[in-house]
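A.B. asks:
Numbering (the UniProt record's numbering), first residue to last: 1 to 254.
This is the structure we're talking about:
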């Protein structure tokens, strides 16, 4: 059995466990075990919502036997008021949340797939009540300005000896700005975009950027080299204020 088949079989088993409890309304698969099953692979995990009947949420969060009934559990911890991260003994990892029906309209999620549902379950529960808002579209000037100032601040911190903070500013925040700018210089490949994470599948959307990303993020000790690569990239496509460019270059090469 391959990994995607194993994932779906486990999810079906969790659905049967919820059904037998008599306390649930539905099991909604999300992501690669939701409506995007074609992208499931050996590295996928289980993301899902258990929708329970009113009054049973606390009980099902307190007692996870409905999860261990599907397969022995190796480890879990409650990471939100609504759910857990959980590892089965065979290596299947889960991120799960438990909701009562009236809570779902306030929850941000992408359209899901019913793995199991009770006959009296509302069909609309798998579809979010409100559309996920598109990421705020920044102007080119804003993204370029933020990118260059991220480099400047990060390099100043690097030279001060604050290497971890510098790493985040240059190899994290500035790279976020690159991802905002990419649609302005290149047409992405038709790959499913994750509404919650711009970095998801970015290499498949912009395969020509693979080498650039490697040069933007050279590691903890190479923040100046990473910053210089980012500066050269952004000035290749956009106007960079000459004074800021000189400051960044001086800090990179000092």
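Think of the CB as a built atom: it goes at the ideal place given N, C-alpha and C, for glycine as much as any other residue.
Closest to residue 204 by CA distance: which of 76, 190, 3 is it?
C.D. replies: By one-based count along the chain shown, residue 204 stands at place 204. The residue with the shortest Cα to Cα distance from residue 204 is 190.
A.B. asks: Taking only the alpha-carbon atoms, compute the straight-line gap between residue 167 and residue 250 and give it to the nearest angstrom.
C.D. replies: Within the chain shown, residue 167 is the residue found at index 167, counting from 1. Within the chain shown, residue 250 is the residue found at index 250, counting from 1. Spanning the two alpha carbons is a distance of roughly 18 Å.
A.B. asks: Buried or exposed for residue 80, please, with buried defined as at least 16 other CB atoms from any protein chain shown within 10 angstroms of its CB.
C.D. replies: Indexing the chain shown from 1 puts residue 80 at position 80. By the neighbour-count rule (16 or more Cβ atoms within 10 Å), residue 80 is not buried but exposed.
A.B. asks: With C-beta atoms as the reference, is residue 202 less than 8 Å away from residue 217?
C.D. replies: As a working mapping, residue 202 is identified with position 202 in the chain shown. As a working mapping, residue 217 is identified with position 217 in the chain shown. Cβ distance not < 8 Å, so residue 202 and residue 217 don't count as in contact.
A.B. asks: Considering only C-alpha positions, which residue in the set 254, 13, 57, 139 is nearest to residue 160?
C.D. replies: Mapped onto the chain shown, residue 160 falls at position 160. If we check each option's Cα against that of residue 160, 254 comes out closest.
A.B. asks: Note down the Cα distance separating residue 22 from residue 119, rounded to an integer number of angstroms.
C.D. replies: Translated into the one-based positions of the chain shown, residue 22 becomes position 22. Translated into the one-based positions of the chain shown, residue 119 becomes position 119. Distance between the alpha carbons of residue 22 and residue 119 is about 12 Å.
A.B. asks: Of the residues 108, 85, 94, which one's Cα is nearest the Cα of residue 6?
C.D. replies: Locating residue 6 in the chain shown gives position 6, where the first residue counts as 1. Of the candidates 108, 85, 94, the one whose C-alpha sits nearest the C-alpha of residue 6 is 94.
A.B. asks: Please classify residue 106 as buried or exposed, where buried requires at least 16 neighbouring CB atoms within 10 angstroms.
C.D. replies: As a first step, residue 106 must be located in the chain shown, where it is residue number 106. By the neighbour-count rule (16 or more Cβ atoms within 10 Å), residue 106 is not buried but exposed.
A.B. asks: Can you give me the start and stop residues for the alpha helix (DSSP H) that residue 64 sits inside?
C.D. replies: In the chain shown, residue 64 corresponds to position 64, counting from 1. Here residue 64 belongs to no alpha helix (DSSP H), and DSSP marks it neither H nor E.
A.B. asks: Alpha carbon to alpha carbon, what distance is there between residue 3 and residue 134?
C.D. replies: Taking the chain shown and counting its residues from 1, the one referred to as residue 134 is at position 134. Taking the chain shown and counting its residues from 1, the one referred to as residue 3 is at position 3. Bear in mind that a pLDDT of 49 at residue 134, under 50, signals an unreliable position, so the number given afterwards is only what the model happens to contain. About 32 Å.
A.B. asks: Taking the alpha-carbon positions, what's the residue 125 to residue 246 distance?
C.D. replies: By 1-based counting over the chain shown, the position of residue 125 is 125. By 1-based counting over the chain shown, the position of residue 246 is 246. Their Cα atoms are separated by approximately 55 Å.
A.B. asks: Taking 8 Å as the threshold (beta carbon to beta carbon), is residue 76 in contact with chain C?
C.D. replies: Protein chains in the displayed structure number just one, and chain C is not present.
A.B. asks: Thinking C-alpha only, which one of 16, 28, 240, 19 is nearest residue 111?
C.D. replies: Counting from 1 along the chain shown, the entry for residue 111 is found at position 111. It is 28 whose Cα lies nearest to the Cα of residue 111.
A.B. asks: What three-state label does DSSP hand residue 133 in the structure shown?
C.D. replies: Counting from one through the chain shown, the residue named residue 133 turns up at place 133. With a pLDDT of 49 at residue 133, under the threshold of 50, the predicted position of this residue should be treated as unreliable, though the coordinate-derived value follows. DSSP places residue 133 in coil when its eight states are reduced to three.
A.B. asks: Would you report the Cα separation of residue 181 and residue 68, rounded to the nearest angstrom?
C.D. replies: Translated into the one-based positions of the chain shown, residue 181 becomes position 181. Translated into the one-based positions of the chain shown, residue 68 becomes position 68. Straight-line Cα distance between these residues: approximately 46 Å.
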